[in-house]
Ligand SMILES: CC(=O)SCCNC(=O)CCNC(=O)[C@H](O)C(C)(C)COP(=O)(O)OP(=O)(O)OC[C@H]1O[C@@H](n2cnc3c(N)ncnc32)[C@H](O)[C@@H]1OP(=O)(O)O
Ligand SMILES: CC(C)C(=O)C(=O)O
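In full-length UniProt numbering, the protein residues as written are 1 to 638.
Below, the structure written as structure tokens:
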């Protein structure tokens, strides 16, 4: 049968209790609850292949390391494995830290309670947990019992449990706590849940110092989380002697609201939460303890459990449960902090930039990054994975990868230009591009690594004597403001060397003039530089935006070098390489150098390079001298 057009006969709306004076909506959660991890019991009982003793121990150790102090380790009456595992935790010295309390579960049946208590004999701290389903559905279908009989069963089992634990002198070495779960609390009449628990409380006789734990399970999640919160608040306010019992909740996730239910329940008075890591458990699972803890953390409340190395935790959880943690799972999912889409990437990138520049990146600086409620580094993730690039990405995504990988903070217009290259590639391959692929694309596009067509073999920047300003008047300093620069150098283009020279207002424009003598006519439109690295390893990076003279064609160049001037010259040559690349197929505009075809300019340039003492020192001694003989021989042989 397909879904019913009118499901109202088959499925009845849950009837919420009437609680007009509810207080919980005005409460806030400002401290963590008492956590209880039930991965090894509720989680384990729902697995197709339950864990063996080794796997259980590994998981237990991890829970202890995370910081859980109450761990439900087994259902000892269910299997020898669970019984033996519990014994091992009790008996083997050092396995269970002194401050960790072992919890075990038993149904409300004397023989099973006996076996359960036996499994704990000799434990330092133990919680004996028994459950009895109290809802009308279970009373009718499973037990065929009325309210009175259920209540009597709960009381009888509590008294029995008491007689073989805290009232038994041979058990005096164990610090016993008793937990009672009116199973299916979420579907139990609220007044009956109170009646049963009140009777159990009287049977156990807790004190304020040694309270009983009433665990209120949403065994099956029945309604919206506010309804569960009402049920919990009703329970807390209608039970007597509030100081003598701890209210615990145990939400399942049938409607997908377990986390909300656990949180609203705490607002309604719950002190303790039972759940599992990443929500493993019956059907849709138990409430996820990781989400609950990190929800607190991102509100500035320490959860007192540590997920600093979430990847290792996920590994153990996945290997033990043999169920993967969903990639979209809150906080832990590998895709959760990742942005593929352009506008998200743009916002995240700006957020990080502002954080680093303006607000400082001290680890305690307030975290305000669009789309990222949690700093991925706090759970052991890196920022590299935050932005990934596919066809949905914009300029910011690829720019982020280049920033993180090469420390290059690309100017906006270069981001736009490079993103077209990336977009073309993502569409061509129809998949996400790895950061290394994006870096390769960038290095190729701007000739940063392999075979740039233009190489700076050697150069010198000198004051251009032919256009020097008039000598200063006696007693006045030389006005150096308008001094022109002369670039003189040897450029290798497609493995052929050219000696060129040119004059301009600065180093870049003098090289631009020199290049125009080869027919590469570029106007520099924009220029940006910054440093990369620190200390002795610091380098300069220069971005140059050029247009081809007399046309609208635009090219970018990027240059990186320890020397600032050289970085800018390399950037211009990178632009020149792009300029040639954009004309692939058309004949190269320049003349290769040959000894017998040296022009006067070439000769002049070479002459300059062999240099006068001023030429060699005028740019801070940067130029190395070219051996004219070698160069000429090389040119002749080519
Ligand atoms: C909500 C929860 O997660 S509760 C925990 C559930 N976990 C487990 O059940 C795992 C371990 N369980 C087991 O190994 C077994 O079911 C045992 C050892 C508890 C009992 O095994 P068996 O004696 O073979 O009984 P079986 O499981 O077939 O049937 C359940 C019996 O318990 C009773 N029962 C069922 N649910 C409950 C309950 N919530 N509380 C108390 N008794 C219950 C049933 O009425 C039935 O009794 P019946 O045989 O008199 O009709
Ligand atoms: C035994 C109880 C706590 C339980 O697991 C449930 O009701 O889901």
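The beta-carbon is built from N, C-alpha and C at its ideal position, and this holds for glycine as well.
This one's a predicted model, so the numbers in the text were calculated from it and none came from an experiment.
- In the structure shown, residue 107 adopts extended strand secondary structure according to DSSP, grouped into three states.
- Straight through space, the alpha carbons of residue 406 and residue 542 are spaced by roughly 13 Å.
- Per DSSP, residue 73 is not a residue of any alpha helix (DSSP H); the beta strand (DSSP E) it occupies stretches across 70-74.
- Residue 62 carries a helical assignment under DSSP once its states are collapsed to helix, strand and coil.
- The Cβ atoms of residue 446 and residue 341 lie no closer than 8 Å to each other.
- Judged by DSSP secondary structure, residue 238 falls within the alpha helix (DSSP H) whose first and last residues are 225-238.
- The residue from 441, 300, 161 with its alpha-carbon nearest to that of residue 28 is 300.
- Each of 315, 81, 362 was checked against the Cα of residue 45, and the nearest Cα belongs to 81.
- For residue 65, the closest alpha carbon among the candidates 34, 43, 97, 48 is that of 97.
- When secondary structure is reduced to three states using DSSP, residue 532 falls in the strand class.
- Around the beta carbon of residue 201, 16 or more other beta carbons lie within 10 angstroms, which makes this residue buried.
- In this structure the segment 491-502 does not touch the segment 558-570; the number of beta carbon pairs closer than 8 Å is below three.
- A residue is called buried once 16 or more other Cβ atoms fall within 10 Å of its Cβ, and residue 291 is buried on that count.
- Per the Cβ contact rule, the segment 411-426 is not in contact with the segment 364-371 (fewer than 3 Cβ pairs under 8 Å).
- CA-CA distance, residue 402 to residue 438, rounds to 8 Å.
- At least one heavy atom of ligand 2 sits closer than 7 Å to the Cβ of residue 105.
- In the displayed model, residue 116 falls within a helix according to three-state DSSP.
- Distance from the CA atom of residue 12 to the CA atom of residue 190, rounded to whole angstroms, is 18 Å.
- Just so you know, the alpha carbons of residue 83 and residue 105 end up roughly 11 Å apart.
- Here residue 184 really is in contact with residue 134; their C-beta atoms are around 6 Å apart, less than 8 Å.
- DSSP, read as helix, strand or coil, puts residue 137 in helix.
- Annotated three-state conformation of residue 197 is helix, per DSSP.
- Three or more beta-carbon pairs separated by less than 8 Å link the segment 244-252 to the segment 267-274, which places the two stretches in contact.
- Relative to ligand 1, the beta carbon of residue 147 is positioned no closer than 7 Å to any heavy atom.
- Between residue 34 and residue 70, the C-beta gap is smaller than 8 Å, which places the two residues in contact.
- Segment contact: the segment 423-434 against the segment 387-396, three or more CB-CB distances shorter than 8 Å; contact assigned.
- In this structure, DSSP gives residue 352 a helical state, which the three-state scheme calls helix.
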